[in-house]
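**Student:** Right, I'll just put the structure down here and ask away after.
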Amino acid sequence: LDHQCNLDTLVTEPLSQNRVSHLLAFFGPNRIHIPLTPVHVKLFREILSPFYVFQIFSIILWMTAEYYYYASIILLFSAVSIILSAYSCRKNERRLRDKVQMAESVMVLRQNYDAPRVVPSTNLVPGDIICIPPQGCEMVADVLLLSGSCSVNEASLTGNLELIGESIPQKKSPITELPTNEDRKIDIRRLARHILFSGTRVLQARPSHMEPYVKAVVLRTGFLTVKGDLVRAILHPRPLDIDFTLDSFRFLSIMTVIAIAGSVYTWLILYHFKFSISTLVRKSLDILTIVVPPALPAVMTTGLYLAQTRLKKLEIFCINPSAINVAGTLNTVVFDKTGTLTEETISVKGVWRPELFYNSLDLTKVEVISNDSSPFAPALAACHSLSLDPISFEVVGDPLDRVIFTSTNWVFRDYDLEQYRRHFEHPLHGVVYNSTLDDGSPWSRLGIIRHFPFSSVAQRQSVVVETSGNGEMALLCKGAPEAIAAHCDAQTLPSNFEKALQHFTEQGYRVLALAWKPIEVDVGEGEVSALSMNREELECDLRFLGLVVLDNPLKLETGPTVRELLEADFRVIMATGDNLLTGVSVARQCGMIDNADVVVQVSLPASPDNLLDFEVLAAFSGGIDSEKSEWICASLKSLIQSDVAAAGTSETSSLINSGGIHSSPFSPTTNLHLVLTGTSWNYIRVNLPRFLPTVLSHGTVFSRFLPDDKTNLIRALQSYKGGEKCQRQNRVAMCGDGANDCGALKAAAVGIALSDCEASISAPFTSRQQNITCVSRVLKEGRSSLSTAIGSFKYMVLYSFIQFFTVLLLYYIGNTLTDPEYLAIDLFIVAPLSVTFAMSRPWKHLEPSTPPLRLLTPSNIMSVLTHLALSIGAQVIVFILVQKQPWWSPFQPSEDRLDSAGSYETTALFYFSSFQYVFVCTVLAKGPPFRENVYANVCFALNVLLVLGMVIGFVLFTPAFFVDWAHLLPLHFPKDVGFPRYSFTVALVVMAMLYFIMAWGVEKVIDVVTLRNANYAPGKHPSSRFADIFL
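Residue numbers (my numbering): 744 to 1774.
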């Protein structure tokens, strides 16, 4: 309904039954139906996935080849995996269905009925008028409040389906109190203070006078509601943008082509030995399972599972494990301010009243003025959207309003108002009073008769109050200083207003302004003028009272984390709804802006001759003089007026012709930070899109940002690919509180919500730790996990190809590895190494270098190819060398001896390839800058030593039982003793050690060539330097 109507055309009359039937057929039942997938269907779908189909194919093939041991183990693991997956899916579906169940009935006004009817909630349609009982209820649709007010628990709006802590109730007001000059479009996010969302619980409903119920009109039902949107996000999550998965499939495709070529070779070479067709088919297909290992997906997901487990121990929960790898590719982080960078607890530092100390910037404690018989204290106590909890009798509502109200020590009542009505002439919404003031004071007791809620567009709220006893009325207003000043009588604004505001905001304080005006009450018309005047008529010609200064200090963890990110070459950005100077001050305190940097405010043009106005904020720019300030502003104006050839390439012909940066009074390494408000941001987006790349690459503080502005900023950052100097696209993380940042958290490549809950579907990551250290930990785990995934993939590829070429060499003589040899390699060497390889923890520091964003990078391809060439060359040498030995005798191929009889070549290659599997894994197990040192991964280090010791022991002193089981041949004459008995096996060990040294050296050379461990790679992304914006 919100897409079809606006506030002026919205029909608020009860619907007829015919209209209800039509809308019900059009929109469908009002329910969020989550069908439970039958277990057998889920099992069948799991089995039909490409991964399990290939596993089943491999198991059948191995069984026919009598390779029972390994096939049985893979079958067992696959069956357990399928069953657990189906069980987990069914459990999650049932849990989600239980969470989204709605109330069964609702009271609705329909035509031809005098009283509300109780109807099933599934029959609710957009346009219905519902009645909310005073005791509250659970909302079953998104509704727009028409009359009365409600206290609502909105915990579910953050996407938290399993609440751990308590949510602060919010007060909702009717749409009739919205300013008439605001956009009349029904935007459910912008009008959130007037909308009750599906799934939220109304704790208390207060009807307006003369009406028994609170009334609301239904806007959305079923899956079209905000709750339905959250459920859809669970059922159909947004695909994550990472090239790793696509590259892995491309790599597997290449491997499949090679495997087919190997199958053809196998067919031809075994056909040469006159083997049967069944053997040719079986062995040709067997090559496919060697080149494309069925265990590859399990190995790849091991690192993700372990990373997710480590994050969970740190109270960071992840609902989408794939997002961990995406976190390893990030290079930009956007933070909310209040509650994220700064403490959630706010305290009143004091108030500034210009009439107390003329031209002074001293603050006065609230306690000092709370007993004054002036409008200042009543404005603090009455101008809010608070309510009383009917159970605990505590004041609940907006935290900022609560802090300001409690600092006054006044008393608030909004129920059982009968005892106060005799003191007032108008219907009351609430009463505030100061018991310490003399009852004779007109400001000792106030009746709240009308409330205009806070509007994010108007940036203020106000109340109409009546003083006790004399019936005088006044408007009390509170809001952003800029908004309040714009509606004040200019004569009441002190001359040092701007100076005072700048003084407090530059110190990082949050500042609100207060104003008031008396309302003239004419006899006989007082009620009409007081209760019927629109908001714009009342909120004009206000009398300025003063400023409320609130202290919102940085969290202890903010500074170190921001510095760590900056040292790791991350872009760090703040997007806040607070005052611009307050945001800049906080950015300066936490290190986003250095003391030597230059900060320039971008604002709307005051003159039609300018496209934008620029002002250097000298207080945050290291004491910059006026000459340098003028140069910067002139340069930026010239830049924006020039015809930029391509977005993101900040070239100015006039600057270049005049010497460009050489005429700059700054060092080329000086950083420039652009700061702007949401109004300027939207103006640039719409009217100056060519200047947008400059804002995206140099903007640091974005203030007075609405939730939608934050979402648009995230999307713009991610779509901006920079200019010629930029070698990578922005990959943005957003860290916020999960409520009003919900849109931005979803839009970011990775969203991290600070919440007391285990699971938030507004972001893939949810941290119970209410500070931004979680961002650093997620980034470290992401880089470690991505590096582990790349290393694991390379190892599995090399393992497959080493075994592939071993088998191809042996097919040349009509022999192959026996089943026990396959089992020893797969189960006792590769499996434990690949699992413990993924157990490495992240490196303790964030470094400027990042893991490759793709699998098919030159460094990865070069690494695989060089190791492959080295491995093949070494095996060919061993194959030829064993045939040169005096005790060697050629293998006599036959179909019954193909994989059940040993040969000297098979034994030698089995021994040597066992070393290769260990050493390749060791070489690829890299440490810093993404993973901890290899020796710090104790399980992996011990496993390498254990497996290596086992292989050396088997080579030099092969147990008799294994010789008989695997059909190994002695690599010496039967009667040899002493050194001749071990000469060739010792040579194999020495060759294996040489192979390890060469493999390690090759990998190190590749690292150096590709600058993997470089501390800084120039031009990775746009910087904030003057040289990058003016040249």
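In this text, a Cβ means the ideal position worked out from N, Cα and C, and glycines have one as well. Quick caveat, the model's predicted, so the values are computed rather than measured.
Identify whether L839 lies in helix, strand or coil by the three-state DSSP scheme.
**Tutor:** Taking the sequence shown and counting its residues from 1, the one referred to as residue 839 is at position 96. Reduced to three states, the DSSP call for L839 is helix.
**Student:** Return the Cβ separation of Y1426 and L1324 in integer angstroms, given the expectation that the two are a contact with Cβ distance under 8 Å.
**Tutor:** By one-based count along the sequence shown, residue 1426 stands at place 683. By one-based count along the sequence shown, residue 1324 stands at place 581. Contact flag wrong, Cβ pair sits at about 20 Å.
**Student:** Is it buried or exposed for Y1538, if we count other Cβ within 10 angstroms and need 16 for buried?
**Tutor:** On the sequence shown, position 795 is the one that residue 1538 refers to. Label assigned to Y1538: buried.
**Student:** Span of the beta strand (DSSP E) holding H1194?
**Tutor:** Within the sequence shown, residue 1194 is the residue found at index 451, counting from 1. Element bounds for H1194: 1188 to 1198.
**Student:** To which residues of the same chain is G1140 closer than 8 Å at the C-beta, ignoring the five residues directly before and after it?
**Tutor:** Here residue 1140 refers to the residue found at position 397 when the sequence shown is read from its first residue. S894, I911, P912, Q913, K914, H1127, S1128, L1129, S1130.
**Student:** Measure how close the beta-carbons of S1656 and I1545 come, nearest whole angstrom, since I'm counting them as under 8 Å.
**Tutor:** Sequence index remark: in the sequence shown, residue 1656 carries index 913 (1-based). Sequence index remark: in the sequence shown, residue 1545 carries index 802 (1-based). With a Cβ gap of about 6 Å, S1656 and I1545 count as contacting.
**Student:** Which value, in whole angstroms, describes the spacing of the CA atoms of P1723 and H1715?
**Tutor:** Translated into positions along the sequence shown, residue 1723 becomes position 980. Translated into positions along the sequence shown, residue 1715 becomes position 972. Using only the alpha carbons, I get a separation of about 7 Å.
**Student:** Can you find the residues in the same chain that come closer than 7 Å, C-beta to C-beta, to S864, ignoring five residues on each side of it along the sequence?
**Tutor:** Taking the first residue of the sequence shown as position 1, residue 864 is located at position 121. Around S864: N773, M845, A846, E847, S848, V849, V883.
**Student:** Which partner residues does L1131 have in the DSSP bridge list?
**Tutor:** Translated into positions along the sequence shown, residue 1131 becomes position 388. DSSP lists V1138 as partners of L1131.
**Student:** Please state whether DSSP places H1416 in a helix, a strand or coil.
**Tutor:** Mapped onto the sequence shown, residue 1416 falls at position 673. If DSSP states are grouped into helix, strand and coil, H1416 belongs with the strands.
**Student:** State the start and end residues of the unbroken alpha helix (DSSP H) segment that holds I1695.
**Tutor:** As a working note, residue 1695 is residue 952 in the sequence shown. Per DSSP, I1695 belongs to the alpha helix (DSSP H) from 1681 to 1699.
**Student:** Rounded to whole angstroms, how far is the Cβ of T1072 from the Cβ of L1488, which I believe are closer than 8 Å?
**Tutor:** On the sequence shown, residue 1072 is found 329 positions in, with the first residue counted as 1. On the sequence shown, residue 1488 is found 745 positions in, with the first residue counted as 1. Going by Cβ atoms, the distance from T1072 to L1488 rounds to 18 Å, so no, they are not a contact pair.
**Student:** Considering only DSSP beta bridges, list what W1095 is partnered with.
**Tutor:** For the purposes of this step, residue 1095 is identified with residue 352 of the sequence shown, where counting begins at 1. Answer is L1290, bridged to W1095.
**Student:** Is it buried or exposed for S759, if we count other Cβ within 10 angstroms and need 16 for buried?
**Tutor:** Taking the first residue of the sequence shown as 1, we reach residue 759 at position 16. Exposed is the call here.
**Student:** Can you tell me whether C1469 is helix, strand or coil according to DSSP?
**Tutor:** The count along the sequence shown starts at 1 and reaches residue 1469 at position 726. At C1469, the pLDDT of 48 sits below 50, so the modelled position is not reliable and the matter cannot be decided from this model.
**Student:** Between the Cα of E1358 and those of L1529, F1634, F1536, V1418, spot the shortest distance and give me the residue it belongs to.
**Tutor:** Along the sequence shown, read from residue 1 onward, the residue named residue 1358 stands at position 615. Taking only the C-alpha atoms, the option nearest E1358 is V1418.
**Student:** Name the residue from S815, A814, L1028 whose alpha carbon lies nearest to the alpha carbon of F1547.
**Tutor:** By one-based count along the sequence shown, residue 1547 stands at place 804. Answer by Cα proximity: L1028.
**Student:** Between which two residues does the alpha helix (DSSP H) harbouring T988 extend?
**Tutor:** As a first step, residue 988 is located in the sequence shown; it is residue number 245 there, counting from the start. Its alpha helix (DSSP H) spans residues 987 to 1015.
**Student:** Pull up the DSSP beta-bridge partners for P1477, would you.
**Tutor:** Your numbering for residue 1477 matches position 734 in the sequence shown. In the sequence as displayed, the identity of residue 1477 is Met instead of Pro. Looking at the DSSP assignment, M1477 forms a beta bridge with V1077, G1494.
**Student:** Tell me whether A948 counts as near the ligand NAP, meaning its Cβ is closer than 7 Å to at least one heavy atom of that ligand.
**Tutor:** Among the ligands in the structure shown, none appear at all, so the ligand NAP cannot be discussed.
**Student:** Less than 6 Å between C-beta atoms, sequence neighbours within five positions excluded: which residues of the same chain meet that for F1634?
**Tutor:** By one-based count along the sequence shown, residue 1634 stands at place 891. For F1634, where only same-chain residues beyond five positions count, the Cβ hits under 6 Å are I1556, N1558, S1646.
**Student:** Please report the distance separating the alpha-carbon of A1258 from that of A1122.
**Tutor:** Position 515 of the sequence shown, counted from the start, is the residue given in the question as residue 1258. Position 379 of the sequence shown, counted from the start, is the residue given in the question as residue 1122. Using only the alpha carbons, I get a separation of about 8 Å.
**Student:** Check this for me: beta carbons of F770 and T968, under 8 Å apart or not?
**Tutor:** By one-based count along the sequence shown, residue 770 stands at place 27. By one-based count along the sequence shown, residue 968 stands at place 225. No.
**Student:** Could you tell me if L1299 is buried or exposed, where buried requires 16 or more neighbouring beta carbons within 10 angstroms of its beta carbon?
**Tutor:** As a position in the sequence shown, residue 1299 is number 556, starting the count at 1. It is exposed - the Cβ of L1299 has fewer than 16 other Cβ atoms within 10 Å.
**Student:** Under three-state DSSP, which class holds M1043?
**Tutor:** The residue given as residue 1043 occupies position 300 in the sequence shown. Helix at M1043.
**Student:** Give me the Cα-Cα distance between C1485 and T943, rounded to the nearest whole angstrom.
**Tutor:** Indexing the sequence shown from 1 puts residue 1485 at position 742. Indexing the sequence shown from 1 puts residue 943 at position 200. About 16 Å.
**Student:** Contact between the stretch 1168 to 1175 and the stretch 1187 to 1202: three or more CB pairs below 8 Å?
**Tutor:** A contact exists between the stretch 1168 to 1175 and the stretch 1187 to 1202.
**Student:** Might you give, ordered along the chain, the residues of its own chain that have their beta carbon closer than 6 Å to the beta carbon of P1237, omitting 5 neighbours on each side?
**Tutor:** Taking the first residue of the sequence shown as 1, we reach residue 1237 at position 494. For P1237, where only same-chain residues beyond five positions count, the Cβ hits under 6 Å are P1097.
**Student:** Take the Cβ of F1136 as the centre, count every other Cβ of all protein chains shown within 10 Å, and call the residue buried at 16 or more, exposed below.
**Tutor:** Working through the sequence shown from its first residue, we reach residue 1136 at position 393. Exposed, since its Cβ has fewer than 16 Cβ neighbours within 10 Å.
**Student:** How many Å lie between V1089 and N1295 at the Cα?
**Tutor:** Along the sequence shown, read from residue 1 onward, the residue named residue 1089 stands at position 346. Along the sequence shown, read from residue 1 onward, the residue named residue 1295 stands at position 552. Strictly speaking, residue 1089 in this sequence is Ile, with Val absent from that position. Rounded to the nearest angstrom, the two C-alpha atoms are 5 Å apart.
**Student:** Are the Cβ atoms of T1085 and L1297 separated by less than 8 Å?
**Tutor:** For the purposes of this step, residue 1085 is taken as residue 342 along the sequence shown, with counting starting at 1. For the purposes of this step, residue 1297 is taken as residue 554 along the sequence shown, with counting starting at 1. Cβ atoms of T1085 and L1297: closer than 8 Å.
**Student:** Kindly indicate which residue of V796, E1209, T1022, D1750 has the alpha-carbon position closest to the one of L1274.
**Tutor:** For the purposes of this step, residue 1274 is taken as residue 531 along the sequence shown, with counting starting at 1. Of V796, E1209, T1022, D1750, the residue nearest in Cα terms is E1209.
**Student:** In whole angstroms, give me the CA-to-CA distance for T1422 and I1316.
**Tutor:** In the sequence shown, residue 1422 corresponds to position 679, counting from 1. In the sequence shown, residue 1316 corresponds to position 573, counting from 1. So the alpha carbons of these two residues sit roughly 18 Å apart.
**Student:** Buried or exposed: where does D1321 fall if 16 or more other Cβ atoms within 10 Å of its Cβ makes it buried?
**Tutor:** Counting from 1 along the sequence shown, the entry for residue 1321 is found at position 578. The residue is buried, with at least 16 neighbouring Cβ atoms inside 10 Å.
**Student:** Would DSSP call C874 helix, strand or coil?
**Tutor:** In the sequence shown, counting from the first residue as 1, residue 874 sits at position 131. Note: C874 maps to strand in three-state DSSP.
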